[in-house]
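Taken in sequence, the protein lines are chains B and E. Read in the numbering used here, the first sequence has 82 at position 82, and its numbers run on one by one without any break. Read in the numbering used here, the second sequence has 254 at position 254, and its numbers run on one by one without any break. Where a beta carbon is used, it is the ideal one built from N, C-alpha and C, also for glycine. All of these numbers come straight from a predicted model, not from anything done at the bench. All remarks here apply to the structure that follows.
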Amino acid sequence: MLGVYELVLVTTGLTLFLGAIGYAILYEMLQKIYGRPLRNRGATREEVVMCGMEYDRGELTAPTARVFTMIMSKAFPRGHGGFLRTFGTVVLNDWFAWMLAALALIVALAVAWGW
Amino acid sequence: MLTDVLWVLFEALVFPGFIFMAIMVILTQWIHRKVGARVQYRRGPMYTGYAGTLQPLADFLKLLFKEDLVSKYSLRRSPLLILSLGIGALITLVLLTPLAPRPLYSEFDIIVYLYLALFASLAILYLAIASPNPYTSLGVGRYLALLVGAEPPYAASFLVPTIIGASTLSTGYSLYLTSLKSHLLWTGGLANAAVMAIATFSAFLSMLAVMEVKPFDFPEAEGEIYWGLFTEYGGPRLALAFFILYVERIVLPLVFVLLFLGGSWPVDIAQNYPLGVVVILLKFLAVFTLISVIDNMMPRFRPDQGVKFLLKYSLPLSLLSLIAAALL
Numbered sequence: 001m002l003g004v005y006e007l008v009l010v011t012t013g014l015t016l017f018l019g020a021i022g023y024a025i026l027y028e029m030l031q032k033i034y035g036r037p038l039r040n041r042g043a044t045r046e047e048v049v050m051c052g053m054e055y056d057r058g059e060l061t062a063p064t065a066r067v068f069t070m071i072m073s074k075a076f077p078r079g080h081g082g083f084l085r086t087f088g089t090v091v092l093n094d095w096f097a098w099m100l101a102a103l104a105l106i107v108a109l110a111v112a113w114g115w
Numbered sequence: 001m002l003t004d005v006l007w008v009l010f011e012a013l014v015f016p017g018f019i020f021m022a023i024m025v026i027l028t029q030w031i032h033r034k035v036g037a038r039v040q041y042r043r044g045p046m047y048t049g050y051a052g053t054l055q056p057l058a059d060f061l062k063l064l065f066k067e068d069l070v071s072k073y074s075l076r077r078s079p080l081l082i083l084s085l086g087i088g089a090l091i092t093l094v095l096l097t098p099l100a101p102r103p104l105y106s107e108f109d110i111i112v113y114l115y116l117a118l119f120a121s122l123a124i125l126y127l128a129i130a131s132p133n134p135y136t137s138l139g140v141g142r143y144l145a146l147l148v149g150a151e152p153p154y155a156a157s158f159l160v161p162t163i164i165g166a167s168t169l170s171t172g173y174s175l176y177l178t179s180l181k182s183h184l185l186w187t188g189g190l191a192n193a194a195v196m197a198i199a200t201f202s203a204f205l206s207m208l209a210v211m212e213v214k215p216f217d218f219p220e221a222e223g224e225i226y227w228g229l230f231t232e233y234g235g236p237r238l239a240l241a242f243f244i245l246y247v248e249r250i251v252l253p254l255v256f257v258l259l260f261l262g263g264s265w266p267v268d269i270a271q272n273y274p275l276g277v278v279v280i281l282l283k284f285l286a287v288f289t290l291i292s293v294i295d296n297m298m299p300r301f302r303p304d305q306g307v308k309f310l311l312k313y314s315l316p317l318s319l320l321s322l323i324a325a326a327l328l
């Protein structure tokens, strides 16, 4: 049995090692040896797929946070309204705040049990 | 010391590491396609290899050897590196389980498992964010919402067996030690069995969501947002993205089998390693086939329906089982 810090070090090292092996074999080696090089670098081949719509660089990214907030508001209309009145929109838009709150809840439960 | 290092390298590269995972990806994808074909009254892969077993490999190589085309607005190198790290993290996870002849384990290693497993989801997220496209953005927003709904119940329910094991079997919150005795978690009294049943149900639901299996595949919805997360990808980059998704669909059910379905029981893997491995893999194949049937039969949730379902049913059940496990 390893110590927990040793385990974190070993697993992180193995993650890096296996990631490097995977990248080297799957992408660099096999793709470079057998892969087909780009033969015709036309301008349109590197354009973004927009189904025939006109666009410029600024229009390429839809507001991801707004999509996320919309889904959460539809999933919990009442709770969303309460949150909106209490905290404003900043917390609702922030995915990390949601994940942090959820993880804090789990850690609080685990700590409460430990004590 | 040198022998230990060589063992770890063998496990990481051959069994149950890289090569084993590559073979398992081919096998499981063949099963997934055959099940899908059966559900839809088709025959599925037939010609490449025996009964079409090598068709997933052929498709993977076809993608891998295509031209590597990236949109001019996308990041080029970093998504590949992050994706490879995600693959490395998932394969490392298997070395923490009894499938490894000399497993890596420690007390509280379940936390290491949860952190490495989340790395795969974050790698997929990074891959999507690295390529700007309206449909990709929609996919990312949906994926963020899915993770908010799925990860907390997933983490909470996968903690339950280790907490019960630590308090009743002295397994020290270790994934490996709990896996060796997980069948005893069901037989330690009615209360234990009830808590395990609730946690198993919740863990299975949240696991489906983390793996983006139907009905929770709305971040990729082909017909609506043109594959969302992967709209801009093709060729070798898409091959790597598929590889990480498929490895995730092996590792998560494997750990589910080890923690919730008794691991190698009725064989003690510490006494009979080869037979124990066979039993674990047979249980895994049963769970994977069930997941494939669900994936092929279920319709897709709308994003708000999926998140609501997870936060309304899976999260309360997992928290209930977590609190009950702590009180046992």
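Residue i at chain B interface by Cβ criterion, 8 Å
i: Pro152(E); result: yes
i: Lys66(E); result: yes
i: Ser84(E); result: yes
i: Thr333(E); result: In the structure displayed, chain E extends from 1 to 328; residue 333(E) sits before or after that span and is not available.
i: Val287(E); result: no
i: Tyr105(E); result: yes
i: Asp109(E); result: yes
i: Arg142(E); result: yes
Residue i burial status per 10 Å Cβ neighbour count (16 or more: buried)
i: Arg43(E); result: exposed
i: Trp7(E); result: exposed
i: Ile19(E); result: exposed
i: Lys62(E); result: exposed
i: Pro77(B); result: exposed
i: Gly223(E); result: exposed
i: Lys283(E); result: buried
i: Gln31(B); result: buried
i: Glu220(E); result: buried
i: Tyr47(E); result: exposed
i: Met1(E); result: exposed
i: Pro303(E); result: buried
i: Ala24(B); result: exposed
i: Val5(E); result: exposed
i: Lys72(E); result: exposed
N- and C-terminal bounds of the alpha helix (DSSP H) containing residue i
i: Glu222(E); result: 222-225
i: Gly34(B); result: Inspection of the sequence shows that residue 34(B) is occupied by Tyr rather than by Gly. Its alpha helix (DSSP H) spans residues 30-34.
i: Asn348(E); result: Lying before the first or after the last residue shown, residue 348(E) is absent from chain E, which here runs from 1 to 328.
i: Arg300(E); result: Element bounds for Arg300(E): n/a, residue is neither H nor E.
i: Tyr154(E); result: 134-168
i: Ile21(B); result: 4-22
i: His32(E); result: 18-39
i: Gly86(E); result: 78-94
i: Phe10(E); result: 2-13
i: Ser179(E); result: 175-180
i: Phe60(E); result: 55-64
i: Ala270(E); result: Per DSSP, Ala270(E) belongs to no alpha helix (DSSP H) and is neither H nor E.
Closer than 8 Å to chain E by CB, residue i
i: Val111(B); result: no
i: Val107(B); result: no
i: Ala104(B); result: no
i: Leu100(B); result: no
i: Leu7(B); result: yes
i: Arg85(B); result: no
i: Phe81(B); result: Per the sequence presented here, residue 81(B) reads as Gly, with Phe not at that position. False, the Cβ-Cβ gap to chain E never drops below 8 Å.
i: Met29(B); result: no
i: Arg36(B); result: yes
Contacting residues, own chain, Cβ-Cβ under 7 Å from residue i (five flanking each side not counted)
i: Ile225(E); result: Tyr135, Leu138, Gly139
i: Met24(E); result: Ile250
i: Ser321(E); result: Ser157, Val160, Val195, Ile198, Ala199, Ser202
i: Ala123(E); result: Ile82, Leu83, Leu85, Gly86, Ile244
i: Ser179(E); result: Thr97, Pro98, Leu258, Leu259, Gly263
i: Pro299(E); result: Pro215
i: Asp217(E); result: Arg300
i: Thr167(E); result: It is Ser, not Thr, that sits at residue 167(E) in the sequence shown. If we look at Ser167(E) and ignore the five residues flanking it on each side, its Cβ neighbours are Leu328.
Residues of its chain near residue i, where Cβ-Cβ distance is below 6 Å and the 5 sequence neighbours each way are ignored
i: Pro56(E); result: Ile26, Gln29, Trp30
i: Tyr154(E); result: Ser206, Val210
i: Ala150(E); result: Ser206, Ala209, Val210, Leu310
i: Gly17(E); result: Glu11, Ile91
Which of helix, strand or coil DSSP assigns to residue i
i: Arg237(E); result: helix
i: Glu107(E); result: coil
i: Val107(B); result: helix
i: Trp265(E); result: coil
i: Phe216(E); result: coil
i: Asp68(E); result: coil
i: Phe96(B); result: helix
i: Tyr313(E); result: helix
i: Ser121(E); result: helix
i: Pro253(E); result: helix
Close beta carbons around residue i, own chain, < 8 Å, minus the five adjacent residues each side
i: Asn296(E); result: Val35, Gly36, Val39, Gln40, Lys214
i: Ile164(E); result: Leu185, Gly188, Asn192, Val195, Met196, Ala325, Leu328
Contact with chain A by residue i, beta-carbon distance below 8 Å
i: Leu322(E); result: Protein chains B and E are contained in the structure displayed, whereas chain A is not.
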